[in-house]
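Residue numbers (my numbering), protein chains in the order written: chain A, 128 to 556; chain B, 24 to 229.
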């Protein structure tokens, strides 16, 4: 079994710094495991896709990522050599902005990227940029983002949604909230949360776009009242004493989709074997991260490096293990922390998840009319490719491509009637 | 020709940030500003890509915004592009990467040009002038298109109103048109507005 070989990486590797020597050693261990499993892999693979060879069309894939905790499975797939196991080489490319990731994906400068789910649908629908047929190969993580309110606001009693709404109603002025990209996931979580508390994000507040690593610095100098961003920046605001966690995104939607592995429809069509190998490698990395606390520790150590997230390990390692604090003395163990695998539930590209982002784009006026939600989601989510990669890695696949989710305001989303769902919200653009 | 009023956007320095990617970005930004100045451009402001950027751009009303394509400032600018979808402005991105220059389609959204390693002083001027001319041309075409669409819609209203008058008052098309025009003049309304009122009234009265 290839997976059991890979899991040998669990054996205590002195979790010192994963500097060059260590990394090479880790890589060699993984390559050995990969070599041993290659035989098993190719025998199961034979005949799985009848037409032609399963050899990756492109063996070197350039994958972009943004410095955030949830880039971990993509980075670890490369560092631990899971890519080699499936006959490809992941070349990581650190990107400065989501807009840059979008452009580079669209013009083929990047083969794939760690990217916001909502951004992929934004490009597919041509919102704010060029329209291009896109593909989601898999989900990379669920949960693990947060909405932070400034310490100043907390001192005035605004520590969660209801108390924020109350303060905004009584102490009137312009309130500024930041997200990371106009069509991205954080904008949608922020808007949903504000609206669920009776605040219209477009009319009652000012919403701005700020790159993730700049959130905390901006809050420190009083430029904003709150922000929604991925970890480690929510926790960093608490450590730095400038903000408090008002709500985690898993409290808005338990096990919500977040980052995905995105590429263009054209790349997926031309390179199905490469895509399959890529999905399999990242699936194994996600499985490895979720397997133990020791692995999470090693992951935090590895991605804290300057080449990746560029922060201290201790800012990353608390919340990825579910150890939460809100910055006001409350601490809790959250079972719904950032997951990278969760028996494959994280990674399946649910059609209902994809459609949800379009319903919210519609709700907030980014889409002027209702698209054919299901048709668009079907063309973007590469479910067939995903399923084959899941078979290669023994990853369970859910029966239904739609799932039922209950969001924080009690609204149930099951993907069945997206236009009606999009129109059902009292607060909208 | 008067020189373009340009706003250059710079990446934001984060305290204690020793990220090599950031340093490279800062170096490119500096080279870009020097290049523009040497080419004789009027840099009216060099703005940080912070949360005040959208407001400052709105205040300054530059002829063009110039930014490094690899910069984190892109996301803030993306906000400007989405927020001003219906009133676009020329934005030029400089990039080191040849592939990015093929992004003709990106221009449709408000980004007017991707310029590759375009810091040779000799090239910079014609390239920017062309980008601006192209943006203006596109804006003109878009305006014409929406104007045509509007006229078409008005025309349809007029035809329906004429039809109603012809049916109800047994008028010829010419007479119906004259009646509408007289009404518009008397009430000091546009022809299409009168047409809309007649259609509304007919709907109401059945």
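Even glycine gets a Cβ: it sits at the ideal position worked out from N, Cα and C.
This one's a predicted model, so the numbers in the text were calculated from it and none came from an experiment.
Chain A contact residues for residue i, given Cβ-Cβ distances below 9 Å
i            : result
residue 94/B : 223, 224, 227
Buried versus exposed call for residue i [16 or more other C-beta atoms within 10 Å across all chains shown]
i             : result
residue 135/B : With a pLDDT of 46 at residue 135/B, under the threshold of 50, the modelled position of that residue is not reliable, and no figure is offered here.
residue 297/A : exposed
residue 152/B : exposed
residue 70/B  : buried
residue 77/A  : The structure shown has nothing for residue 77/A, since chain A only spans 128 to 556.
residue 203/A : buried
residue 210/A : buried
residue 208/B : exposed
residue 192/B : exposed
residue 229/A : buried
residue 349/A : exposed
residue 459/A : exposed
residue 182/B : exposed
Neighbourhood of residue i by C-beta distance below 6 Å, restricted to the same chain and skipping five residues each side
i             : result
residue 382/A : 269
residue 277/A : 346, 352, 370
residue 224/B : none
residue 32/B  : 70, 72, 90, 96
residue 198/A : 192, 241
residue 523/A : 470, 471
residue 321/A : 328
residue 451/A : 459, 461
Residue i, DSSP secondary structure in three states
i             : result
residue 454/A : coil
residue 1/B   : This structure gives no information on residue 1/B, because the portion of chain B shown stretches from 24 to 229.
residue 281/A : helix
residue 540/A : strand
residue 446/A : helix
residue 252/A : coil
residue 151/A : Unreliable placement is indicated for residue 151/A, whose pLDDT of 47 sits below 50; no coordinate value is reported for it.
residue 492/A : coil
residue 126/B : With a pLDDT of 44 at residue 126/B, under the threshold of 50, the predicted position of this residue should be treated as unreliable, though the coordinate-derived value follows. Note: residue 126/B maps to coil in three-state DSSP.
residue 438/A : coil
residue 107/B : coil
residue 525/A : coil
residue 191/B : helix
residue 533/A : strand
residue 213/B : coil
residue 299/A : coil
residue 348/A : coil
residue 330/A : coil
residue 553/A : coil
residue 428/A : helix
residue 59/B  : helix
residue 231/A : helix
Contacts that residue i makes with chain A (C-beta to C-beta distance below 7 Å)
i             : result
residue 102/B : 309, 335, 336
residue 79/B  : Those do not exist, as residue 79/B stays about 13 Å from chain A at its closest Cβ, beyond 7 Å.
residue 98/B  : 224, 225, 226, 307, 308, 336, 338
For residue i, the residue or residues it bridges with in DSSP
i             : result
residue 384/A : 269/A
residue 336/A : 306/A
residue 219/A : 190/A
residue 204/B : DSSP, once it has assigned bridges, lists no residue as partnering residue 204/B.
residue 28/B  : 65/B
residue 354/A : 275/A, 305/A
residue 372/A : 275/A
residue 71/B  : 33/B
residue 239/A : 190/A
residue 389/A : 240/A, 263/A
residue 163/B : Partner(s): none; residue 163/B has no beta bridge.
residue 460/A : 450/A
residue 508/A : 263/A
residue 466/A : 269/A
Closer than 8 Å at the beta carbon, the chain B residues around residue i
i             : result
residue 305/A : 74
residue 345/A : 73, 74
Under 7 Å by beta carbon: chain B residues contacting residue i
i             : result
residue 327/A : Under the 7 Å cutoff, chain B gives no residues; its nearest Cβ is about 16 Å from residue 327/A.
Partners in chain A for residue i, counting only beta-carbon separations shorter than 8 Å
i            : result
residue 48/B : 223
CB contact check: residue i to chain E, cutoff 9 Å
i             : result
residue 341/A : The displayed structure is made up of protein chains A and B, and chain E is not among them.
Sequence-distant residues of its chain with Cβ nearer than 7 Å to residue i (five each side left out)
i             : result
residue 224/A : 338
residue 362/A : 442, 445, 446
Same chain only: Cβ atoms within 8 Å of residue i, ignoring 5 sequence neighbours per side
i             : result
residue 511/A : none
residue 201/A : 190, 192, 217, 219, 241, 267, 388, 409, 412
Proximal chain B residues relative to residue i, where beta-carbon distance stays under 9 Å
i             : result
residue 351/A : 74
heavy atom of the ligand MG below 8 Å from residue i C-beta
i             : result
residue 455/A : No copy of the ligand MG occurs in the structure displayed, which carries no ligand at all.
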